Amino acid sequence: MNASLAPDPAPQHATDTAAMRAELKAAKTQLIDTFLVKGHVDSLTHGLARHVDRVLASAWKSCGLPNAAALVAVGGYGRGELAPHSDIDILVLLDEEPDGETEKHIERFIGMAWDLGLDIGSSVRTVEQCLDEAANDVTVRTSLLESRRIVGNERVYERFAERFREALDPRAFFTAKLLEMRQRHAKYQDSPYSLEPNCKESPGGLRDLQLIIWITRAAGLGDSWNELEAGGLITEREARELNRNEAFLKRLRTHLHILAGRRQDILVFDLQTALAERLGFKAKPTKRVSEQMMRHYYWAAKAVTQLATILLQNIEAQLFPSTSKITRVFSEHFVEKQGMIEIVADDVFEREPNTILVPFLLYETTPGIKGLSARTLRALYNAREQMDLRWRRDPVNRQLFMEILKQPAGITHAMRLLNQTSVLGRYLLNFRRIVGQMQHDLYHVYTVDQHILMVLRNIRRFTVPEHAHEYPFCSQLIADFERPWVLYVAALFHDIAKGRGGDHSTLGMADARRFCRDHDMDEEDTELVVWLVQHHLTMSQVAQKQDMSDPEVIKRFSTLVRNERRLTALYLLTVADIRGTSPKVWNAWKGKLLEDLYRITLGVLGGEKPDAHSALKTRQEEAITLLRLAAMPEGAHKELWNQLDVAYFLRQDASEIAWQTRELLHHVQTPTPIVRARPAAISNSLQVLVYVKDRPDLFASICSYFDRSGLSVLDAQVNTTRHGYALDNFLIEHSDPEMHARDIANLVERQLADALAQADGPLPEPAKGRLSRLSRTFPATPRVDLRADERGQYYILSVSANDRPGLLYSIARVLAQHRIGLHAARINTLGERVEDVFLLHSHALNDGKLQIKLETEMLKAIAV
-11 MNASLAPDPA PQHATDTAAM RAELKAAKTQ LIDTFLVKGH VDSLTHGLAR HVDRVLASAW
49 KSCGLPNAAA LVAVGGYGRG ELAPHSDIDI LVLLDEEPDG ETEKHIERFI GMAWDLGLDI
109 GSSVRTVEQC LDEAANDVTV RTSLLESRRI VGNERVYERF AERFREALDP RAFFTAKLLE
169 MRQRHAKYQD SPYSLEPNCK ESPGGLRDLQ LIIWITRAAG LGDSWNELEA GGLITEREAR
229 ELNRNEAFLK RLRTHLHILA GRRQDILVFD LQTALAERLG FKAKPTKRVS EQMMRHYYWA
289 AKAVTQLATI LLQNIEAQLF PSTSKITRVF SEHFVEKQGM IEIVADDVFE REPNTILVPF
349 LLYETTPGIK GLSARTLRAL YNAREQMDLR WRRDPVNRQL FMEILKQPAG ITHAMRLLNQ
409 TSVLGRYLLN FRRIVGQMQH DLYHVYTVDQ HILMVLRNIR RFTVPEHAHE YPFCSQLIAD
469 FERPWVLYVA ALFHDIAKGR GGDHSTLGMA DARRFCRDHD MDEEDTELVV WLVQHHLTMS
529 QVAQKQDMSD PEVIKRFSTL VRNERRLTAL YLLTVADIRG TSPKVWNAWK GKLLEDLYRI
589 TLGVLGGEKP DAHSALKTRQ EEAITLLRLA AMPEGAHKEL WNQLDVAYFL RQDASEIAWQ
649 TRELLHHVQT PTPIVRARPA AISNSLQVLV YVKDRPDLFA SICSYFDRSG LSVLDAQVNT
709 TRHGYALDNF LIEHSDPEMH ARDIANLVER QLADALAQAD GPLPEPAKGR LSRLSRTFPA
769 TPRVDLRADE RGQYYILSVS ANDRPGLLYS IARVLAQHRI GLHAARINTL GERVEDVFLL
829 HSHALNDGKL QIKLETEMLK AIAV
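The sequence shown begins at -11 in this note's numbering and counts up by one.
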């Protein structure tokens, strides 16, 4: 390669680098300080890019790069924008393959760039190589689309830019970027409403806005919102909205980088409060400052999603004009174009507001329709003033809304689209109040509106044959449930009063009753909906916190439910509700508890007495059948079963009873601890059976082993036999997700048995496990409640706290220190929170002073 090279700058290299690094650092500090005072984000991002340009140009010249080479900024840096901790993508563009000497100078330059403190992403390519890579990789194509020359040979860069433009196919690029966007959105659950969203990559984030400009630039349609407005792709209002929301997202991301001191695009809980304060939000009596900021973010992301949908459709119509024809006529007002529902006249919603809900009904009931066209979406926004009190009270609109709810299919998509377009919030004003409303209960992972729509979706899935394998019992029940749409109404209102202060179940009853009355629902359905809203938490509380082997518990619940229709409706709503909180909350054990409660209560409603023995007999017969299939001798189970009470059989299903019976067949009177483990139904968890002579510190000793071994207890069922043995079941998982349950089963069996056999001396101090980020940011107030049961036979200890490693052992250790026996336990992990119930037996608990002391020590043990 014949290129003139500058003199070797090595002697000055260290001095030059230190000076440039100091200059860049000072300039960056000044720009950030100015931004923090004035808040002009573009001045900061463009200023940072200019300063980086300057030092890179200096480094380029000092490293003696060949005259035939050019330094090119690509990606976001190519746009001339840099967030405080963005990476800096550069391309060393060559006319031909470099020789050895040129490679040395390039290596020196890239090394110097790193020495300057720049987070460099570099590539060295010839013009031909750039074009080849761009042709095969849409990411490379996108990065090069935003290229600009910083320093070096202008002719080489212009030749590259010209050939790149010639090779760029706008249609292929549009299709590729659309597919890429869908993959990215799927990674973030196709929702901007995550409680810790990525403000750059999540749906409605900055990347969606950048994608549009990439596409329009490739198609020659414009490089800015104002240019797109001038070209007729968007209206003046839409351009204004896009500029405003883009500015907000940029400010948000910039402050996030500054606060974190590194590249940080996820709005993590740890930083939300400080970030909100930086952005000027103020705390209110009923709302945290972080909640206000996040709601503003969700509304901005929602607006970006809506506007991006409009823009992408308009761009597609220009790039693929032959497909933009009417393919079906629905009515005088609506047609189908490109698989979208389109209005015939722009002002149809303003002239006839009672047509606003019609496209949603069409979308729900017409196979093959993908959504609403840009023209329809735009008209809906422009008609927002028509969605007033008179519109909400219009009998035609009320009938249309009920038709949408009553359709046998499509309800989930229709309600999501109603929410995305803000029509749902304008029709149900109280729903509008919970759009983007965060929930800081360490239990829900969605905003309130998204949780409600998720619950509605879950109920709908019970009715779909293709999903019957997921929850067969729910699918069976809803198939026989008259008017299942009534459950959709209950789902819409069950949490609609969240965030108002007070009991949301009680407040929501009034909203639900008003809706049912306004929409002419009959009295029976109205009372069912209102009752479901009031009691939507009751069934899970009874199943998970009360003793279902107690006939009085079942009797009280049956009296509350009153009839089979109510029971079935409450069961279906409860399962859908728990499943709609977080993927981590539901497990097979919770499902079993709810189904058991349903079946026992159904029997009582059918005339059976609340007698646990009927359920016991059924379960025992099922278990005996399984034992026969395993070739177990007839009657061999009796020795063990004679030592077990009713509660044991009601807490286990038949398969578990059969498994435990087989494992303990020859060990009913054993002096040696028996520990058995097997993979559980819940992914990567282990079911552990412990059978050993009972003693006051036994539960604490078991929990101590789990604590030391890095094993978390998800659920536990503690039973005491008539002859003084503990028969305990634990559901555990390893703190290291890479450790598979099947790989540690044998280890747990051996180590735990040895630990129980050798147990003597004082229990070790519990390790103070670290709280998760979510728990640290939104700590739950620890609560302890100790009271005698209604018969005075046992004491019930209820504990609620943030979950953390070692928590269960801390609780068990306090009980062991006071030599308080544990008759039964129900460990309930709800996301980042635990709500555990222990049934205690000790005559000493009759002493009020000991009760106070125990509660005080327990609070201290569970505190962070």
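Where a beta carbon is used, it is the ideal one built from N, C-alpha and C, also for glycine.
Quantities reported herein were computed from a predicted structural model and do not represent experimental measurements.
Short of 7 Å in beta carbon distance, which residues of its chain neighbour L810, apart from the five on each side in sequence? Order them along the chain. Here the set comprises F687, V706, L803, F826 and L828.
Nearest to M8 by alpha carbon, out of G27, D41 and S31? Among G27, D41 and S31, the Cα nearest to that of M8 belongs to D41.
Given a cut-off of 7 Å, decide if A646 and L614 are closer than it, judged by their beta-carbon atoms. Yes, Cβ-Cβ distance for L614 and A646 is below 7 Å.
Assuming I329 and L299 are in contact, meaning their beta carbons sit under 8 Å apart, how far apart are those beta carbons, in whole angstroms? That pair is no contact at about 18 Å.
Close Cβ partners of R501 (< 7 Å) along its chain, the five nearest in sequence each way excluded: Here the set comprises T514 and V518.
Judging by CA-CA distance, which residue of V822, R205 and P754 is the nearest neighbour of R153? Nearest Cα to R153 within the set V822, R205 and P754: R205.
For the beta strand (DSSP E) that contains T315, what are its first and last residues? Where T315 is concerned, the enclosing beta strand (DSSP E) stretches over I314 to V317.
Which residue or residues does DSSP assign as beta-bridge partners of H245? DSSP, once it has assigned bridges, lists no residue as partnering H245.
Pairwise C-alpha distance: P180 and P191: Rounded to whole angstroms, P191 to P180 spans 5 Å at the Cα level.
Using 7 Å as the threshold, is the C-beta distance between V29 and K238 below it? Yes, Cβ-Cβ distance for V29 and K238 is below 7 Å.
So for K358, helix, strand or coil by DSSP? Judged by DSSP in its simplified three-state form, K358 adopts coil rather than helix or strand.
Three-state secondary structure (DSSP) at S857? Residue 857 cannot be examined here, being either before or after the span of the chain that is shown, -11 to 852.
Assumed close pair I254, N186 - CB separation to whole angstroms, cut-off 8 Å: I254 to N186, Cβ: 5 Å. Contact.
Distance between beta carbons of R771 and S788, contact taken as under 8 Å: The Cβ separation is near 4 Å, so the contact holds.
Taking only the alpha-carbon atoms, compute the straight-line gap between V277 and T17 and give it to the nearest angstrom. Rounded to whole angstroms, V277 to T17 spans 27 Å at the Cα level.
If the criterion is Cβ atoms closer than 7 Å, does the pair E352 and Q395 meet it? For the pair E352 and Q395, the CB atoms are nearer than the 7 Å cut-off.
Sequence-distant residues of the same chain with beta carbon closer than 7 Å to I840, five excluded per side: Contacts found: none.
Shortest alpha-carbon distance to F637 belongs to which of F469, E234 and N717? When only C-alpha atoms are compared, the closest one is N717.
V656 versus L795 - alpha carbon distance: Cα to Cα, V656 sits roughly 31 Å from L795.
In the DSSP assignment, find the beta strand (DSSP E) that holds S700 and state where it starts and stops. Following the DSSP letters along the chain, one finds S700 inside the beta strand (DSSP E) bounded by residues L699 to T708.
Nearest-angstrom beta carbon gap, R445 and T400 [assumed within contact, 8 Å]: With 8 Å as the limit, T400 and R445 qualify as a contact, their Cβ atoms being about 4 Å apart.
Element boundaries [alpha helix (DSSP H), containing E651]: Taken as a continuous stretch (DSSP letters only), the alpha helix (DSSP H) holding E651 covers A642 to L652.
For the candidate residues E511, D777 and E820, whose alpha-carbon lies nearest to that of N834? Relative to N834, the option among E511, D777 and E820 whose CA is nearest is D777.
Status (buried if at least 16 other CB within 10 Å, exposed otherwise) for Q532: Counting of Cβ neighbours within 10 angstroms places Q532 among the buried residues, the total reaching 16 or more.
Continuous beta strand (DSSP E) stretch holding S111: start and end: First-last of the beta strand (DSSP E) with S111: I108 to T114.
Using only CA atoms, which one of E265, H245, D258 and F236 lies nearest to W287? Considering only alpha carbons, the answer is F236.
Checking the sheet assignment: what are the DSSP bridge partners for G140? Paired residue(s): A58.
Backbone CA spacing between Q252 and D258 [nearest angstrom]: Computed Cα separation, rounded: 12 Å.
Determine the closest residue to L183 out of V822, V384, V436 and L194, with distance taken between C-alpha atoms. Among V822, V384, V436 and L194, the Cα nearest to that of L183 belongs to V436.
Would you mind reading off the limits of the beta strand (DSSP E) that contains V323? Counting along the chain, the unbroken beta strand (DSSP E) around V323 starts and ends at F322 to K325.
How is the alpha helix (DSSP H) around Q529 delimited, first residue to last? Here the alpha helix (DSSP H) through Q529 covers T526 to K533.
Helix, strand or coil for G579 per DSSP? Under the three-state reduction of DSSP output, G579 falls in the helix class.
Endpoints, beta strand (DSSP E) assigned at K92: It is not in any beta strand (DSSP E) - K92 instead sits in the alpha helix (DSSP H) that spans G88 to D103.
Can you tell me whether DSSP reads H811 as helix, strand or coil? Of the three classes helix, strand and coil, the one that applies to H811 here is strand, per DSSP.
So what's A478 in DSSP terms, helix, strand or just coil? Three-state DSSP puts A478 in a helix.
Measuring from the CB of I203, is there a heavy atom of the ligand NAD at a distance below 6 Å? This structure simply doesn't include the ligand NAD, nor any ligand for that matter.
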